[in-house]
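Novice: The listed protein sequences correspond, in order, to chains A and B.
According to the working numbering, the residues represented by the first sequence are 807 to 1983, in order.
According to the working numbering, the residues represented by the second sequence are 5 to 463, in order.
All C-beta atoms, glycine included, are put in the ideal place defined by N, C-alpha and C.
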Amino acid sequence: MKNITKWPFPQGWHVRTFAVIKLLLIFLLVTCLHAYPNGYAQNSVTLSEKNASLIKVFKQIKRQTGFSYMVTSDLLSQANKVTIEVKNMNLNDVLGMIFSSQPFTYSIVGRTIVVKEKVRREVQKTVELQLPPVDVKGRVVNEKDVPVAGVTVSIKGATQSTVTNAKGEFILNSVQPGAVLVFTHVSLESYEMKIGEDQKEITVSLRTKVSQLSDVTVVNTGYQELPKERVTGSFSKMDNETFNFKVGADILSRLDGLVNGVYFDSRNKDNIKIQIRGLYTLDESMAKPLIVVDNFPYSGDLSNLNPNDVQDITILKDAAAASIWGARAGNGVIVITTKKGQPDRSPKVSFNSNFTVTGKPDLFDLKVLPTGEQIEIERFLFSKNFGFSDTLSPFKPPFTPVYEILFKQRKGLITAEEADSQIGQLKNIDVRDEFLRHIYRKSMNQQYAVNVSGGGKFNRYYFSFGYDKRMYDQVGFDDERITARTNQQFQLTQQLEVNFSMNYTRSVVNRNSNGNYLAYNRGNRGFYSYAKFADENGNPLAIDYNYRGSFTDTAGSGKLLDWKYRPLDELRLADDVTKIQEALATLGVKYRIARFLNAEVSGQFQKTDMDRADHTHKESFFARDWVNLYTQINGNTVINNIPKGGLLDVYNNVGESYNVRGQLTFNHVFKGDHQVNAIAGGEVREAKTSSRSYRLYGYTGNLNYGFVNYNTQYTTFLGTPGFIAANINLDDKNDRFVSAYANAAYAFRQRYIFSASFRRDASNLFGVSTNNRWKPLWSAGLSWRLSDEKFYKSEFLPFLSLRATVGFNGNVNNSYPSVSTIIYRNPSDNLPLNIPSALLDFTIKRNLRWESVRTSNFGIDFRLKNEILSGSLEYYIKQSKDVIALQPLDPTAGRNQTVRNAANVSGRGIDINLQSVIIKSKDFHWNTAFNFNYSKYWVSKYLVVNTGAEKAFISNGTQLTPVEGQHPYLVASYKFMGLDPVTGDPLGFINGKQSKRYDSIINFSPFTNQVLHGPAIPTVFGNLLNEVNFRGISISFNARYELGHYFRKKTINYSVSYANYGYNTHSDYLKRWRSPGDEQFTNVPSSAYPINYDRDNFYGSSDVTVEKADLLVIDDVQLRYALPLSSVSFLSQCAVYSNIGNLNLILWKSAKDIDPRNYNSYRPSRSISLGLLINFN
Amino acid sequence: MCKSPLVVITGIIVLLTLNSCKKYLGEKSNAKFAVIESLNELQLLLNGYGNWNNNSYPYGSELMTDDYYVSTADFNNPGILQMQRDSYIFQDNLQTNAIWDASYRQISQANLILAELGLLEYGKEQEELANNIKGSSLFYRGYFHYAIAQLFCEPYNASTAKQDLGIPIRLTPDDEEKSVRLSVQDTYDRILQDLKDASYLLPIDQLYKTRPAKAAVHGVLAKIYLSMSVYDSAWKYANMCLGYNDSLLNFNIKAEVDTGASAPFRRFNKEVIFHMKSQANTLMSNARAKVDSTLYSSYEVNDLRRVAYFRQNADKTYQFKGDYDGSGTNTGYCYSGIVTDEMYLIRAECYVRKGNISAGLQDLNKLLQSRWRTGTYTSFAAANQQEALEKILMERRKELHRRGARWTDIRRFRNDPLYAITVTRNVNNQTYVLTPSHKRHVFLIPGNVIALSGIQQNP
């Protein structure tokens, strides 16, 4: 080992950033070559102690060999002091020396030194009257019925003993009835059991040791792993069991409603936002927690990771926990840790599979008018000549079938009776039936995952494969994913440890649906509710898409391609495939420089490659439409400026990221009372994305395509001018970060812990003056284990600890440059000139600083006797400063808003987490976990003064809007003063008076005129997770509650309804004011024609449309049955489970008649999963 | 034994985090972004068709003219903005941000180019390019300030211009600068100064008609002086402009004007000195805006503008198709470039006003000759100055349809008892009148501008 002092790098060696990868390899190689040949002597010990306590010696041994120890305090009190001087001696010999002078002996179980009393032989002699001995067979499980290996089963007062195997089983031969079996294990409470006369088969359930429970909870910050009791910061941990409470291919959604302090803002189902302890920024793009996977920030798409590879998830909530992540941790950090192999473990195979079915969406849950009523609206509009000018438009927009019938009637082509009867037939159609029949299906997900893990003395390994197949609820939309992962750890020498992991994902997504019910349209027109997609024989029917039927019937007199649109044909022809590959590789080298000091260099490389080919088939409407539009017919000559054929749109996105980190870890105990754990390091990170896309015209498959002319302006078939879209796009982005950090914790007598951290970050914020590039952030904390004090003597509350921290995190946004910048534009973007140009970037921000978030956190951790109740209670205060917000500008400046460090956000909150074992008997367990979160925050400073003269402030709480003193997601409304009893017009309020001047109410109403309801996301939320287990059958359900927030429900908007010719009109239409007196029963205004936008906007944003969103609901239930396995030798666990998701069982809500979570759409359909989990030995 | 690696590893960390950081972090985060480092970037900004020539000049003016009308149904169409309706029927509370914001955005962009140009160092060989950049920016700044002045302050009246409230003039890109309303006199002085400075800097020829050359500046100056009723200067600049280009399209030649086509004029045709198109408004799209019937019937049968400019609708009304952008589907914009026909008309009017009736009518007749069917036009002769002037003003209205000129004239003649124009609307069975004394010849300044800057609102 002496050789290692010769370091291979020359003096003044200069690190070029990406040479670090090479460095890693050299480091690894050189260290191996120079390693001491006997470095594999794993169990050798070097000790130099004089009159040391036995415990201290044990700790030394543990540190050097990894062998833990087990000793009762009874025995320990009898222990003699130890004096020993050995160097690289075998552990067994060392132990022999130590125990020779002790009044007790020891044995080694697994990797644990178990101290036990010396056997007194006289006991055996006293046994008289012996019954015939029996062979005792048994099985040991923990409270979760998981078999426990390595339990020592001994006979009290005898030398005979055995150890349970991987299935928890043991056999003791020739046991005297009446003898007492003693079960001992490092992490389980000891248990004694008297053997009866004919008791030959026993099952023993052991409880996890209380102290072990908390020690086992290790928090991983991504930089270091620490026992929970040695940290001062605030963490939420989701263990593997809770993580598997839900099934599905997505990792993050499994956190929803289960983790303390974490709220999922899922008002927009397509953009679910995660909040950790509220939101202290005002820019949606920054309002995300940082996601860390296996110690590095994850820049890919989390759906590329297999949830079956996830071991647990830690949420870093306060500054002491998260400030180590610096400038990107202002909104909290989610640390995902994947599964690893276990040392000294024979290969263990685990298999998990499940199948989920979700029903078709409940379209009839949507509050829309029946077809008949919608047609009445169309008739009304027709009578007003509404939209007639479109008949003159060169773009030939389509009319609905009802309009076409009425046009015919008007022209005298059909009689009124014929028209009525034709329209009458349409009334029986509801396009939602058509959607459910042809477009939707039950969605089905399948998941298979298998892994093998284990380890020897010098290595640990984990391999996994996963396959997921999802068929979404729209026909043609499905995906599949294959994942493979391995994690390897090698203890090359006593000093050198190398770990390596690799993850590969490949997924294929077919997006061949035309869109769901809400997204469907007819090109430049809305839809209509009496559309039919197929005739009685199932043949696809055409609807007028983009153009009027009378135009497409005759256009080109046969010289054009068919110009009809048939939705079902489009569905059949769609061919849009996305292939994604992602590789993620991590290499880490850890070198023990001294007993107290480790050096670690680790690096990660990630590459994601997304290829999408969207082939618009030549027979599809869009391909025919392009060809027809650019066809010129001069007499008998037909010129196709776009060759006949399909379109091929190709997209290629590549993402790459590199991380390199160097870190020193210092752990040392000074003279027993003082312990220091510290890390210091630096890292470099780069994340690049590049995207390329192009389109081919005249594509006929087999990579054949045709040429078109992009820079000629053609006269299209409609007579309008147009260029052929080039659809070429190139884009490159590159974010770089450089950081230095340090974190130290000092513990005095294990009772008083002080921690501090420091970090500086810099990034390539484009053009930011260097001053603002380096952002220093720090934190400090302390914790006090009150229950360890000598004066503390509560049996009821055996554990009590207090914590307090303060510190800073940051938020960074690389998208705001601070000098005048231009964006290059291609000649093709600058038609008709066809020369290069540039756009001025109007987002220039001068002197922009990074946001900083200060968090103070106060916590109490406690545990009641026998774990009846344990948990933590935390109070925090947060304030973010220099929050980047849009600030309105006098538009005379050239733009009407700019981005500034214009706001502060302040808040506070309470997090309570309780765990309770309510009932625990041999056959029946009932465990409960309860979370309570209170999170209140508001914009405490905003540079903009409300002058009172500007536009009224109205908000649905869907956008972040800074209003001083208010929640950023504020719901604010116009004051509604009832309906005019004569006309049914809604009455508003301005300057202290009732008013119908809606334009004034909207444009000139002072801020104080509005009704401010409150936040749109809950201030109080949490959940109660119950698990009841009866003889291996368990049922778990999660009840969640959300309180203190508001939502704006949808209602009738006549302008929108009329613009869409009645389609999708809200059913509040039926409740509208029709005649005087109605105002006493309804708040829905009378129908107004001509259209009055302001009137509709006023009513639609008035306070009668707002309700409280409070809710208590059960969404998820899991049933599980663990098969009794004592008779199957090759299985250690086998369970079948079933999950019910989206149950939406509302136990209580404050809003009447409406589901506050699904107010703007239909509710998600329920899903049922069936799954099987098998662990082989 | 362990000191050496410790030092090295610490060294690595220090090097990693500190050394060569500047260079590493100097990499730009988006490859399409660039800082302005040379004249080239500024020229690229001026190259953008969408930056200057398309969709930025205000349309507001045309909305209130008597050249068109819309049906009640179209007026009530949900696609129509409230501001467009309010303008159409001259509402007192008529307010909009679209015009103010867009024009000042252009002004700010021009100011930014000027400011960046002032910071750049360049050699003598680049002076010509620099002058072009500076001249173009001054041209745009002047032209857009003028566009704002045409809507938000009193028409120029020499006797009251020093007292009348003008508009805020922006000369720097600083967005913290406080807005102040100058007098109308100072407003116009500044606008004219910018344009005159530009006329010295700009070249005689430009590669593209989307770039202003000397002729374009003179054309704008002629328009501005005419709007100010300063006829000497208007004549001078119209004359100088025509000195560079006096071409006229012959409506009889299909290659020049395809009268029967849905888009009879070519973009960048020979009459065009400078190309620019205004913002569009849905109320005036060619499907909705119908040509005033009296105006339409004033085109005689042999006047080819009757077919080149207009197309009959199914309901026998007429729509406009003759815009100089050549797209044939007017979505409701005005052609706001500089065209020789307008210069002829300005020079003709100024001649006549100066008393040189024959020279004025010579210009007029030359223009009309090119518009009429070959051999059918008989030169117009006038008995007196007033007759000549009336004819020229009528031809201004007929020739410059949807070019923004009508609104300028409505304002120009506001206090002229002879030529004052009254606009009448009938919609939803009500009649609305824009009398010469109506206060909405001057728009209200947007409420948020007033609120954030504290400048004085118009009456």
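1. Are the beta-carbon atoms belonging to S1585/A and A1125/A less than 8 Å from one another?
2. Among V1890/A, F1554/A, I1628/A, L1583/A, which residue has its Cα nearest to the Cα of L1592/A?
3. Thinking C-alpha only, which one of T1518/A, L1219/A, P1200/A, L1675/A is nearest L1603/A?
4. Kindly indicate if chain B contains any beta-carbon less than 8 Å away from that of P1198/A.
5. Can you tell me the Cβ-Cβ gap for A1225/A and I1245/A, rounded? I've got them flagged as a contact below 8 Å.
6. Check whether the Cβ atoms of Y144/B and Q197/B lie closer than 8 Å to each other.
7. Starting from T435/B, trace the alpha helix (DSSP H) in both directions and tell me its first and last residue.
8. Measuring only the C-alpha atoms, how far is E1601/A from F1668/A?
9. Kindly provide the ranges of any beta strand (DSSP E) runs that are 3 or more residues long and lie completely inside the stretch 1716 to 1757 of chain A, ordered along the chain.
10. Taking buried to mean at least 16 other C-beta atoms within 10 Å of its own C-beta, is N388/B buried or exposed?
11. By a C-beta neighbour count over all protein chains shown, 10 Å radius and 16 as the cutoff for buried, is P421/B buried or exposed?
12. What does G1461/A pair with, by DSSP beta-bridge criteria?
13. For R1083/A, count neighbouring C-beta atoms within 10 Å of its own C-beta (all shown protein chains included) and say buried if the count is 16 or more, exposed if not.
14. Using CA coordinates, which residue listed in S107/B, N136/B, A119/B, A165/B is at the minimum distance from G146/B?
15. Comparing alpha-carbon positions, which option in D1479/A, L1032/A, Q1772/A lies nearest K1747/A?
16. Is the stretch 1841 to 1855 of chain A close to the stretch 1300 to 1308 of chain A, with three or more CB pairs under 8 Å?
17. With a threshold of 16 other CB atoms inside 10 Å of the CB of K402/B, please say whether the residue is buried or exposed.
18. What in chain B is Cβ-close to P1984/A, meaning under 8 Å?
19. In chain order, what residues of the same chain lie with their CB nearer than 7 Å to the CB of P939/A, ignoring the 5 residues before and after it?
20. Give me, in chain order, the residues of the same chain whose beta-carbon lies closer than 6 Å to that of N1483/A; leave out the 5 immediate sequence neighbours on both sides.
21. Per DSSP, what are the beta-bridge partners of V986/A in this structure?
22. Quick check on the DSSP output: the alpha helix (DSSP H) that includes M398/B runs from which residue to which?
23. Near A1548/A, what residues of its chain come up, given a Cβ to Cβ distance below 8 Å and the 5 sequence neighbours on each side ignored?
24. Which residues does DSSP list as the beta-bridge partners of R2007/A?
25. Kindly confirm or deny that the stretch 1696 to 1716 of chain A and the stretch 1804 to 1815 of chain A touch, where touching means at least three C-beta pairs closer than 8 Å.
26. Should A985/A go down as buried or exposed, given a rule of 16 or more other Cβ atoms within 10 Å for buried?
27. Please report the distance separating the alpha-carbon of P1638/A from that of A114/B.
28. List in chain order: all unbroken beta strand (DSSP E) runs of 3+ residues lying wholly within the stretch 236 to 315 of chain B.
29. Determine, using beta carbons only, whether L1831/A and A1941/A come nearer to each other than 8 Å.
30. Which residues of chain B have a Cβ atom closer than 8 Å to the Cβ of R1491/A, listed in chain order?
31. So which residues of chain A does T214/B contact, with C-beta pairs closer than 7 Å?
32. Indicate whether T970/A and V952/A have their beta-carbon atoms separated by less than 8 Å.
33. At least one CB of chain A closer than 8 Å to the CB of P172/B: is that the case?
34. Answer with buried or exposed for D1279/A, where buried requires no fewer than 16 other C-beta atoms within 10 angstroms of its C-beta.
35. Measure the C-alpha to C-alpha separation of D319/B and T435/B and round it to an integer number of angstroms.
36. Look at P1204/A and G1355/A and say whether their C-beta atoms are less than 8 Å apart.
Specialist: According to the structure shown:
1. yes
2. F1554/A
3. L1675/A
4. Checking the sequence, you will find Leu at residue 1198/A rather than Pro. Interface residue, yes.
5. Between I1245/A and A1225/A the Cβ distance is about 30 Å, and since that is not below 8 Å, they are no contact.
6. no
7. Per DSSP, T435/B belongs to no alpha helix (DSSP H); it is in the beta strand (DSSP E), 434 to 438.
8. 12 Å
9. 1730 to 1748
10. exposed
11. exposed
12. T1414/A, T1495/A
13. buried
14. S107/B
15. Q1772/A
16. no
17. buried
18. Any question about residue 1984/A goes unanswered here, given that chain A covers just 807 to 1983.
19. S980, V981, Q982
20. N1473, A1551
21. K1000/A
22. 389 to 403
23. A1484, I1485, A1486, G1487, S1563, F1564, R1565
24. Lying outside 807 to 1983, the shown extent of chain A, residue 2007/A is not represented and no answer is given.
25. no
26. buried
27. 22 Å
28. 276 to 278
29. no
30. Per Cβ cutoff of 8 Å: no residues; R1491/A is ~11 Å from chain B at best.
31. L1639
32. no
33. yes
34. buried
35. 22 Å
36. yes
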